[in-house]
Amino acid sequence: MPMERKSVEPLAAVTAPSRVAAKHQSLLHFVGQAPWSDAALLARVRDWVLPRIEQRGPIRAWIVDDTGFPKKGKHSVGVARQYCGQLGK
């Protein structure tokens, strides 16, 4: 979805603009309480991604990096400045 922020509230606003509060609550329930397996989801993603990667040739190495995103603003409550790999600082 083309959105600036992809947290639960903006997703609710985009997917159900006439009932944002109800959609927000249902998305929170899905993420936090519903019985879904992160291991099963990651396995499905792997099964979808690996064949596409291997089309270019054998996998010789894995590079694992953080998934940090640059933050907007200058203040975060209760935390020190964090390293962000995208910015290199």
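Once you know that position 65 of the sequence shown is 60 in the numbering used here, the rest is easy, because the numbers rise by one and skip nothing.
Backbone N, C-alpha and C fix where the C-beta goes; we use that ideal spot for every residue, glycine too.
When the beta-carbon positions are compared, T10 and K1 stay at least 8 Å from each other.
Judged by DSSP secondary structure, A29 falls outside any alpha helix (DSSP H); it is assigned neither H nor E. Around the beta carbon of A7, 16 or more other beta carbons lie within 10 angstroms, which makes this residue buried.
E4 is the residue among G63, E4, I54 and P12 whose C-alpha sits nearest the C-alpha of H24. The three-state reading of DSSP puts R55 in coil, since its state is none of H, G, I, E or B. Annotation for R41: the continuous alpha helix (DSSP H) segment containing it runs D33 to E49. Straight through space, the alpha carbons of L36 and L45 are spaced by roughly 14 Å. DSSP places A7 in the helix class (H, G or I) of the three-state scheme.
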